[in-house]
Amino acid sequence: MFDNILLNTDSYKASHFLQYPAGADAMFSYIESRGGAWDKLVFFGLQSILKEYLGKPITHAMVDEAATFFQAHGEPFNAVGFHRIVDELGGFLPIRIKAAPEGLVVPTRQVLATIESTHPDFFWVGSYFEPLLLRVWYPASVATQSYHLKQLIRHYLDISCDNPDGELPFKLHDFGARGVSSTESSALGGMAHLVNFMGSDTVMGVVAAKRYYGVEMAAYSIPAAEHSTITSWGRAGEVAAYQNMLTQFAKPGSLVAVVSDSYDIYHAVEHIWGDTLRQAVVDSGATVVIRPDSGDPATVVLKCAHLLDARFGSTVNGKGYKVLKHVRLIQGDGINPSSVRAILDGLLAAGFSAENVAFGMGGMLLQGLNRDTLKWAMKCSAMRIQGEWVDVYKDPVTDSGKRSKRGRISLFRNQDGEYRSLRVDEVIPEGFDEVLVPVWENGQLLRDFSFDEVRANAV
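So in numbering that gives the first Met the number 0, spot 175 of the sequence shown is number 174, and the numbers just go up one at a time.
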């Protein structure tokens, strides 16, 4: 049901080809974030949309299916136009797209991509696919939230860790696969998180990064217990369940994560891990990562750190902060920017380095966002009518924040890192170079960004 791109739109789009002024034969539109939760964003994910959807030609069968649907649905449909696209253009859409390099960190309220028609008879086709193209908001918003969390965690590592660059890539782990609305969401959102980090349990996100950006392995995971693999041993078998995790996975230099709050997290940390199994942990040569999964995150993590320090000891790093021996913590419940800050504030105030804890983030990472988080929009800004380009814009008196840009525009940047959205038909200020690059034209991908390039841009 998702194979026909002509149905991948809004209902009212089907009637729009009849609504433009007489003599119109070219259209220019742009995509932007009009502000929102952050003042800058990571532009990411358009390439996956282009490869997955626009790279496949439409067929007469698709046109016929769409025509039948819209007739029953109550909307006119330009079957004649789309049949001509199949016959005359091989089924590839006559549009040209320029976009910011994938992974680039850009201020909000700037042009991020432009969509231009390339055939006068089908100038309306780019707007028809606005719903599809604008869904770039989702991977870009996930990448943006992940990026800002990375900056937050980096701040605490810079203060308290001897090797912040080595620790940072694995400090925020994606636990979100089950918390999203669909398989495609887990793929696109999970992939977007990996622009910034290298730890994930969202398999589809890792697969998507390979499929759309060519990276062989974008993320890594470790053996980890869930509650059922612990509680299936019964409360009386809690020690045996933990011992089994050591037996199966604890080898010299390895990492193994064990959820330990099934009954009493403090008893498990102090008496089971810290007493009964302490020597087994030490002798294994592994690092055991204890996972609390309930209670107030900042309170529980800090208390567990104190208990582990008392049982396993710690060293003091070059910045004067304690680093636990043999064990670490990962908090995977209730993680958001506020709780991350609270956890790290508490640890550092108590003298513990931020390297003692990692974070697992689920639905809030991949699902706790919507199009309005960064106020994404795609708007027509210019149209050629009777051979003349005219500005197209909206300027609602009731909401100045929805005022749209005018004319044929692009994104420019100078050597000082200042970004401006400027008209391309006017003189560009000295020192400003265009940022947007051609990425798509008439069914052909013009620029294939690798994941390494994406990550290098997202700094």
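C-beta atoms are modelled at their ideal positions from N, C-alpha and C, and glycine is treated no differently.
Item to check | Beta-carbon proximity list for T58, same chain, < 7 angstroms, skipping 5 on both sides | outcome: V85 and G90
Checklist entry - Alpha carbon to alpha carbon, how far is L365 from D38? => result 20 angstroms
Item to check | Own chain residues within Cβ distance below 6 angstroms of L45, not counting five before or after | outcome: A98 and V135
Item to check | Local conformation of C160 per DSSP, three classes | outcome: coil
Checklist entry - When you compare each of I427, G34 and R340 to K401 by their alpha carbons, which one comes out closest? => result G34
Checklist entry - For G317, which residues of its own chain have a beta-carbon under 7 angstroms away from its beta-carbon, when the five flanking residues on both sides are left out? => result D161
Item to check | Residues near D465 by beta carbon distance below 8 angstroms, same chain, minus five either side | outcome: This structure cannot settle anything about residue 465, because the visible part of the chain is limited to 0 through 458.
Item to check | Helix, strand or coil at G204 according to DSSP, with G and I counted as helix | outcome: helix
Checklist entry - So what's R454 in DSSP terms, helix, strand or just coil? => result helix
Next on the checklist: Please list the terminal residues of the continuous beta strand (DSSP E) segment that includes V391.
Outcome noted: That residue, V391, is in no beta strand (DSSP E); it is neither H nor E in DSSP.
Item to check | Touching by the beta-carbon criterion (3+ pairs, under 8 angstroms), the segment 326 to 344 and the segment 356 to 376 | outcome: yes
Item to check | Local Cβ density within 10 Å of M377, reported as buried at 16 or more and exposed below that | outcome: buried
Next on the checklist: Helix, strand or coil, according to DSSP, for I94 in the structure here?
Outcome noted: strand
Item to check | K404 and V110 closer than 9 angstroms at C-beta | outcome: yes
Item to check | Of the listed residues G345, A267, Q443 and T107, nearest to S420 (C-alpha basis) | outcome: T107
Item to check | Spatial distance of E429 from Q414 (CA atoms) | outcome: 11 angstroms
Next on the checklist: Would L88 and P138 qualify as a contact pair, given that the criterion is a beta-carbon distance under 9 angstroms?
Outcome noted: no
Checklist entry - Which word fits F1, buried or exposed, when buried means at least 16 other C-beta atoms lie within 10 angstroms of its C-beta? => result exposed
Next on the checklist: With three or more C-beta pairs closer than 8 angstroms as the rule, is the segment 271 to 284 touching the segment 293 to 301?
Outcome noted: no
Checklist entry - Just the Cα atoms here: how many angstroms apart are V105 and S32? => result 10 angstroms
Item to check | Rounded straight-line distance, which links the Cα of V257 to that of E225 | outcome: 7 angstroms
Next on the checklist: For V288, report the span of its beta strand (DSSP E) as first-last.
Outcome noted: T286 to R290
Checklist entry - Per DSSP, what kind of secondary structure is W272 in: helix, strand or coil? => result helix
Next on the checklist: Considering only their Cβ atoms, is the gap separating L40 from A142 smaller than 9 angstroms?
Outcome noted: yes
Checklist entry - Is D274 near the ligand ZN, in the sense that its beta carbon is under 8 angstroms from a heavy atom of that ligand? => result Absence of the ligand ZN from the depicted structure is noted, as is the absence of any ligand whatsoever, leaving it without description.
Next on the checklist: Quick check on the burial criterion: 16 or more other C-beta atoms within 10 angstroms. Buried or exposed for V247?
Outcome noted: Here residue 247 turns out to be Gln, not Val, going by the sequence shown. Under this definition Q247 is an exposed residue.
Item to check | Extent of the continuous beta strand (DSSP E) run through S32 | outcome: A23 to S32
Checklist entry - When burial is assigned at 16 or more other CB atoms within 10 Å of the CB, is H192 buried or exposed? => result buried
Checklist entry - In three-state terms, what does DSSP make of G462? => result Not covered by the structure: residue 462. The range shown for the chain is 0 to 458.
Checklist entry - How would you call S293, buried or exposed, if buried means at least 16 neighbouring beta carbons within 10 angstroms? => result exposed
Checklist entry - For Y11, which residues from the same chain have a beta carbon less than 8 angstroms from its beta carbon, with the 5 sequence-adjacent residues on both sides left out? => result E74
Checklist entry - When you compare each of M26, L6, F69 and N3 to Y392 by their alpha carbons, which one comes out closest? => result M26
Next on the checklist: Taking 6 angstroms as the limit between beta carbons, can you name the residues of its chain near K170, skipping five residues before and five after?
Outcome noted: I152 and A357
Checklist entry - What do you get for V326, buried or exposed, if any count of 16 or more other CB atoms within 10 angstroms of its CB means buried? => result buried
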